[in-house]
């Protein structure tokens with residue numbers, strides 16, 4: 013379900029990824045079962061049976077087009093022979109059926125979930141930056157939430173706000189405000205500020221709110237366990253550390269389910285959406301959708317957790333998952349979108365973690381009415397994978413791939429490009445993987461995950 017709103021509050025966040033250390037496994041032979049793999053002198057596994065390059069990293073070093081990506085360079089790489097989006101939509105069911113019935117290498121498609129193609133007539137690749145709030149605007153957002161929670165008269169804002177590099181102990185009240193302001197404005201909002209008291213928690217990034225917590229969940233948990241209110245840090249609220257997930261599914265699947273929330277009221281999952289109906293305020297062409305819902309049990313009552321992601325011009329942004337170990341895309345990091353909104357009563361949004369707001373968006377190309385179809389996209393993947401590569405594709409979706417520049421000069425610059433995402437797993441290797449094929453250029457990107465911690469699939 014997709015919800016729009018007109019709230020003029022700019023609530024945006026930076027990227028909060030839960031990433032593990034890089035893993036040097038060669039993705040070409042991920043899950044391979046033959047003895048053809050060898051170890052190179054630098055310890056990176058390669059496969060003698062691969063098509064094209066024997067090592068996936070070699071492929072990206074030699075072929076990646078996203079190196080120092082600019083609008084002019086991107087337009088130069090738009091692929092010829094693309095298919096009209098109208099035709100892609102009309103033939104989507106037949107093309108996916110063909111793909112599943114005619115897999116190559118050691119790919120399989122058992123129980124593959126096919127996400128319907130979005131209702132769009134054209135797509136566009138863009139670049140965006142999150143850092144566009146002034147320090148005064150950031151303070152105004154913090155004040156808004158303190159007033160909404162009814163605690164503004166209990167907080168000395170100047171004494172409570174500090175930048176992220178301030179030690180965890182309370183800073184000098186006379187310096188805290190100026191320190192945060194100085195760091196924020198000198199870095200165009202790239203520095204962090206925090207409000208951290210016994211009453212609530214707001215974490216600010218360059219362009220808005222990244223974490224909100226009124227402490228409702230922690231307070232209820234503490235009370236039911238005989239602890240004093242405020243004895244557990246509000247910073248823990250958005251992290252599910254007190255809750256057991258008792259039910260998960262799409263909003264459509266769970267919309268009629270009802271549970272007793274922390275305040276004792278009982279509302280349906282669909283009615284819970286009304287609580288945050290005016291929360292998001294996005295830039296032009298951005299919307300959001302609820303892609304899943306979790307029902308969390310907190311001791312003896314419940315909290316609804318709505319998992320959201322942004323949508324650009326009708327195409328949802330790829331989701332970020334936990335357990336990320338490595339990217340295979342030259343000079344850029346593959347990331348993803350995601351937010352979690354927690355509802356514990358019919359009256360307020362009690363906690364939030366994720367992405368929201370108004371990034372500055374600039375086009376990499378004009379809107380395009382032709383894309384690489386799903387069969388050609390998967391053929392591109394087959395073309396560089398070794399014959400013994402073993403992976404089951406669990407999910408196929410047309411989405412916006414989310415790339416982050418890792419070069420120092422481009423720090424804070426992100427790219428959204430229309431992509432086919434093939435999400436899969438290997439029981440042999442123990443890794444999950446997402447494979448992205450840019451639907452306009454044919455560029456490939458890969459992400460690996462540890463299967464024991466991946467969530468959201």
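Residue numbers (the working numbering): 13 to 469.
Yeah, the Cβ is synthetic: ideal placement off N, Cα and C, and Gly gets one too.
Element boundaries [alpha helix (DSSP H), containing residue 390]:
If you number the chain shown from 1, residue 390 lands on position 378. It spans 386-396 - the alpha helix (DSSP H) in which residue 390 sits, taken as one unbroken run.
For the alpha helix (DSSP H) containing residue 140, list its first residue and its last residue.
Here the question's residue 140 lines up with position 128 in the chain shown. It is not in any alpha helix (DSSP H) - residue 140 instead sits in the beta strand (DSSP E) that spans 138-141.
Does the beta carbon of residue 194 sit closer than 7 Å to a beta carbon anywhere in chain C?
Within the model displayed, chain C is absent; a lone protein chain is all it includes.
Could you spell out the range, first to last residue, of the alpha helix (DSSP H) harbouring residue 234?
One-based indexing of the chain shown puts residue 234 at position 222. Residue range 228-236 is occupied by the alpha helix (DSSP H) that includes residue 234.
Do you know whose CA, among 111, 326, 312, 347, lies nearest residue 356's CA?
What you label residue 356 is simply residue 344 of the chain shown in a count that begins at 1. Taking only the C-alpha atoms, the option nearest residue 356 is 312.
Is it right to say residue 105 is buried, meaning 16 or more other beta carbons lie within 10 angstroms of its own, or is it exposed?
Within the chain shown, residue 105 is the residue found at index 93, counting from 1. Counting Cβ neighbours within 10 Å, residue 105 comes out exposed, since fewer than 16 surround it.
Between which residues of its own chain and residue 407 is the CB-CB distance below 6 Å, once the five residues before and five after are set aside?
The count along the chain shown starts at 1 and reaches residue 407 at position 395. For residue 407, where only same-chain residues beyond five positions count, the Cβ hits under 6 Å are 125, 435.
Same chain, Cβ closer than 8 Å to residue 437, neighbours up to 5 away in sequence not counted
For this step, residue 437 is matched to residue 425 along the chain shown. 403, 404, 406, 443, 444, 445, 463.
Could you pull out every residue in the same chain whose Cβ sits closer than 8 Å to the Cβ of residue 283, ignoring the five residues on either side in sequence?
Taking the first residue of the chain shown as position 1, residue 283 is located at position 271. If we look at residue 283 and ignore the five residues flanking it on each side, its Cβ neighbours are 358.
Quick one: grab the DSSP three-state call for residue 508.
Absent from the model: residue 508. The displayed extent of the chain is 13 to 469, so no value can be given.
Residue 175 in three-state terms, based on DSSP
For the purposes of this step, residue 175 is taken as the residue at position 163 of the chain shown. The answer is strand: DSSP assigns residue 175 an E or B state.
Over the uninterrupted beta strand (DSSP E) stretch that includes residue 220, give me the two end residues.
By 1-based counting over the chain shown, the position of residue 220 is 208. Start and end: 220-225.
On the criterion of 16 or more Cβ atoms from any shown chain inside 10 Å, does residue 461 qualify as buried, or is it exposed?
Here residue 461 refers to the residue found at position 449 of the chain shown. Residue 461 comes out buried.
Kindly indicate which three-state DSSP category residue 407 falls into: helix, strand or coil?
For the purposes of this step, residue 407 is identified with residue 395 of the chain shown, where counting begins at 1. In this structure, residue 407 counts as strand in the three-state DSSP scheme.
If you reduce the DSSP assignment to three classes, tell me which class residue 331 lands in.
For the purposes of this step, residue 331 is identified with residue 319 of the chain shown, where counting begins at 1. Looking at residue 331 - three-state DSSP - the assignment turns out to be strand.
Kindly indicate which three-state DSSP category residue 362 falls into: helix, strand or coil?
Locating residue 362 in the chain shown gives position 350, where the first residue counts as 1. The answer is strand: DSSP assigns residue 362 an E or B state.
Apart from the five residues just before and just after residue 232, which ones in its own chain have a Cβ nearer than 8 Å to its Cβ?
For the purposes of this step, residue 232 is identified with residue 220 of the chain shown, where counting begins at 1. Here the set comprises 274, 310, 311, 313, 356.
Would you call residue 372 buried or exposed, if buried means 16 or more other Cβ atoms sit within 10 Å of its Cβ?
Your numbering for residue 372 matches position 360 in the chain shown. By the 10 Å Cβ count, residue 372 comes out exposed.
Cβ-Cβ distance between residue 263 and residue 380 below 7 Å:
For the purposes of this step, residue 263 is taken as the residue at position 251 of the chain shown. For the purposes of this step, residue 380 is taken as the residue at position 368 of the chain shown. Result no, Cβ atoms of residue 263 and residue 380 do not sit closer than 7 Å.
By the DSSP assignment, the beta strand (DSSP E) with residue 322 in it spans what residues?
In the chain shown, counting from the first residue as 1, residue 322 sits at position 310. Unbroken beta strand (DSSP E) run through residue 322: 313-324.
Given a cut-off of 7 Å on the beta-carbon distance, is the pair residue 349 and residue 321 in contact?
Along the chain shown, read from residue 1 onward, the residue named residue 349 stands at position 337. Along the chain shown, read from residue 1 onward, the residue named residue 321 stands at position 309. Yes, these two residues count as a Cβ contact at 7 Å.
For residue 276 and residue 59, the rounded distance between their alpha carbons
The residue you call residue 59 lines up with position 47 of the chain shown. The residue you call residue 276 lines up with position 264 of the chain shown. Model confidence at residue 59 stands at a pLDDT of 30, short of 50, so the residue's coordinates are unreliable; what they give is reported in the following sentence. Rounded to whole angstroms, the gap between the alpha carbons of residue 59 and residue 276 is 59 Å.
Exposed or buried, which one is residue 389 when buried takes at least 16 other CB atoms within 10 Å?
Counted from its first residue, the chain shown places residue 389 at position 377. Buried: at least 16 other Cβ atoms inside 10 Å.
Cβ shell of residue 259 (< 6 Å), same chain only, five flanking positions each side left out:
Taking the chain shown and counting its residues from 1, the one referred to as residue 259 is at position 247. Around residue 259: 307.
Around the C-beta of residue 228, are 16 or more other C-beta atoms found within 10 angstroms, so that it is buried, or is it exposed?
Mapped onto the chain shown, residue 228 falls at position 216. Answer is buried; the Cβ neighbour count reaches 16.
Please classify residue 219 as buried or exposed, where buried requires at least 16 other C-beta atoms within 10 Å of its C-beta.
As a position in the chain shown, residue 219 is number 207, starting the count at 1. So residue 219 counts as buried.
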